[in-house]
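Numbering (the numbering used here), first residue to last: 4 to 646. C-beta atoms are modelled at their ideal positions from N, C-alpha and C, and glycine is treated no differently. Only one structure is covered here, and it is reproduced in the block below.
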C-alpha cells in the first residue's frame, strides 16, 4: 500500500470522525440526511465485509446455532445483545463497547474471534473503532443494496463476487476486499520499471521495490558464494572443494551458464526437486494411523517424480498424468504409476471402521490436496460451511469432490520399465523371502510342539490321535484343551510370528510389478488398500454426490454434479468462451479427472501456473513471492510483487 493511499484513508477517517462528533453532539438521535452518506458507505464497504467474514460463521450464518446468543445479522439483532452483554456497542464510545473490547483481545477470556489465527488485523480493528466513534450506523438491507449499486469512494476496494451459490443469503451478499481476490484473475503483462534498463526484468522489479521501500540492495555474491548457492539450489548438496575451485578458476564468460546446464543434467537434480514435490503431495511409504501398513509399490510413484524432473517434462503434462494418467492411456505403466498422487493421503480401514466413513475420509483428503497442490486453495475450509474468508462455497467443494466420486484405489498390474531403478531388486526379494521362510519355519515348530503334546494327551487316555483339523469336530471333553502343551512364551511368540508373516508377505509385493494407483468404477467396500486389486467387472452406475451438512456422511443435502472452482469464471470477464466451457465436467464414470486436469492446464487459468512458479521461487530463495504456497486466499500473505 502506497503512502498516498494511507494518507487518503487516514484523511477520510479524520473527516468522518469530525463530522459525526459534531452530529452526535448536535442531536440525541442520529438521523440520516440521505441514503448513501459517507458513514453508510463506510459501513457497507468496510464494516459489513468484516462482520460477514469474521463474525457470521458463529453469529448468524446458522440461525439455529447462534453462539452466545449474539446475532450479528442486523442492527436490530445486534442491539439485542447476547448472553454476556445486553448492550454490545455504545455509539461514540469504543472504550465502553464490549464488541470493540472483544476484537482488541486484551482480555484472554473475552476475545473474538476466539481463535488467534482468525483475529482481526490492526487495520480491521481500526475500521471498527472509527465506525463506533461515528455512532455505529447500520443502514437497512434496502439501503445497503442501493449504496452498493450506486458505488462510492470505497466501492473500488470492496466487491461482491458471484459463485455457484452459497448455503446462506448472508454469505452470498458478502463483500470481499479486491486485493484479496488477486489470485483469481489471470496474470497480465506488467510494464518493466524503466529506471533500470540494463537489468534483467526480474531484477528491475526487485530494484524498484527496494527503491520504494528505501532499502539498499544486497552486495553481489562472490564466485565461491555463487557456486555454493547453485549446488544447494539444484542438487541440495554442497559442492566439494575441487568443484568450488574448478568454478572459481574457470575464467570463461559462460562459466555460470555451463555450471547450471551441468547440474541440471545430473540425476541428482531430479532427486532434489522431486523431494520438494513429494513434500507437497505428502509422499509416504506407509499408510499412517495406528497400523501404519507399508505401501509396497509407493516407491514407483516416488521414482516417477524423479524421472519427470530429470527428463524436463512440461508441467502441464506432469499434472495431467498425476490426475488422470489412467484415463489418458490405461495400457501405459508410467501413466498408471503417476496416479499414485491420488493415493498419498493417510489410509486405514479395519474391522472397527465404517466403510462409508472411510470412503468419505478418502474423498475429503483427495479434494483438499488437489486444491492445495494445484490451486493454492485449502478447499477443506469449505467442507462443512461456505468458506469464511474466500469466495469458495460449500457447493464448489462437493462439485470438485464429485470429480473423484468414481475414483477407486487399487493395486494395478504395471510391468517394470527399463528406466526404473531396479538395482538390487532381485537380491532384496531373495533376502525377504528367506526371512519369510525362517518365520514360517519357527511358526511351524510351535504348531508341531502343540501336536506332540496332543499325541501324548490321546495316548494317556488310550485313544487314537486325531489331527487338529479333525478333532475340532469333537466335543470339548473329547479333545485336548486349547493350546495344550504351549507355554505363555510360546503363545506370545506365535502371535509375533503371525503378525511378522503378514507384514513380510505384504512387503514382498514391493518387488512385484504392481502400481499403487486408481481406476474408475462404481464404489465398492474395501478393507485394505495396500492389497486391493482392481476388479474384473467394472459395470455399474456412478453414485450421486451430495452436499454433506457439517461434513457428515450421514447428513445428505442437495445433490451436485462434477464441477470446478466457480469464482474463476465469474470474477474475470475477459476469459475466452473455450476456457469457460471447460468448467463443465462430464457426469459419466469415465473422464471426470481428465476434464478437471484439462481445465487446470488451460493457459487462461489464473491459478495453476502461478502456484507452481511460486513454489519454484520459494525453493530457490527461501520464500515464495506469496509466502503461503498452499493458500493464495485472504488468510494467506499477499505477494510481495503482485506485478
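- Ranked by how close their Cα comes to the Cα of residue 363, the residues 192, 550, 627, 66 have 550 in first place.
- A direct Cα-Cα distance of roughly 8 Å separates residue 68 from residue 61.
- Nearest in C-alpha terms to residue 187, of all of 644, 635, 646, is 635.
- In chain order, 327, 330 place their CB closer than 6 Å to the CB of residue 597, counting only its own chain and leaving out the 5 sequence neighbours on each side.
- The criterion of a C-beta distance shorter than 8 Å is satisfied by residue 299 and residue 512.
- A check of alpha carbon separations from residue 403 across 465, 381, 260, 429 identifies 381 as the nearest.
- Within a 10 Å sphere around the beta-carbon of residue 353 sit fewer than 16 other beta-carbons, which makes this residue exposed.
- With the rule of 3 Cβ pairs closer than 8 Å, the segment 381-400 does not count as touching the segment 496-509.
- In the DSSP assignment, residue 162 falls within the beta strand (DSSP E) that extends over 161-163.
- Beyond the five residues adjoining it in sequence on each side, residue 308 comes within less than 7 Å, by CB distance, of 277, 280, 281 in the same chain, given in chain order.
- Within the same chain, 141 come within 7 Å of residue 78 by CB-CB distance, once the 5 residues on both sides are set aside.
- Each residue's CA atom was taken as its position, placing residue 537 and residue 343 some 14 Å apart.
- A distance below 6 Å between beta-carbons, with the five flanking residues on each side excluded, links residue 546 to the following residues of its chain, in chain order: 526.
- Boundaries of the alpha helix (DSSP H) harbouring residue 52: 51-57, taken from the DSSP string.
- DSSP places residue 560 in the uninterrupted beta strand (DSSP E) bounded by 559-563.
- The residues 103, 132, 135, 136, in chain order, have a CB closer than 7 Å to that of residue 97 in the same chain once the five nearest residues on each side in sequence are set aside.
- For the segment 84-141, the continuous alpha helix (DSSP H) assignments of 4+ residues that do not extend past its boundaries occur at 101-107, 125-136, in sequence order.
- Within its own chain, the residues whose Cβ lies closer than 7 Å to the Cβ of residue 233, once the five positions on either side in sequence are excluded, are 262, 263, 266, listed in chain order.
- Annotated three-state conformation of residue 376 is helix, per DSSP.
- Below 8 Å, too few C-beta pairs join the segment 172-184 and the segment 203-210 to call them touching: fewer than three.
- In terms of Cβ geometry, residue 161 and residue 52 form a close pair [threshold 8 Å].
- A direct Cα-Cα distance of roughly 41 Å separates residue 323 from residue 437.
- Distance from the Cα of residue 349 is smallest, within the candidate group 292, 63, 372, for 292.
- Scanning its chain for C-beta atoms nearer than 7 Å, with the 5 sequence neighbours on each side dropped, one finds around residue 377 the residues 322, 603, 611, 614, in chain order.
- With respect to residue 85, residue 95 sits apart: the two C-beta atoms are not nearer than 8 Å.
- Cβ-Cβ distances below 8 Å link residue 600 to 322, 323, 326, 327 in the same chain, with the five nearest sequence neighbours on each side left out; the list follows chain order.
- Taking C-beta atoms as the reference points, residue 466 and residue 488 fail to come closer than 8 Å.
- Around residue 517, the same chain offers 299, 300, 414, 415, 416, 417 as residues with beta carbons nearer than 8 Å, after the five sequence neighbours per side are excluded.
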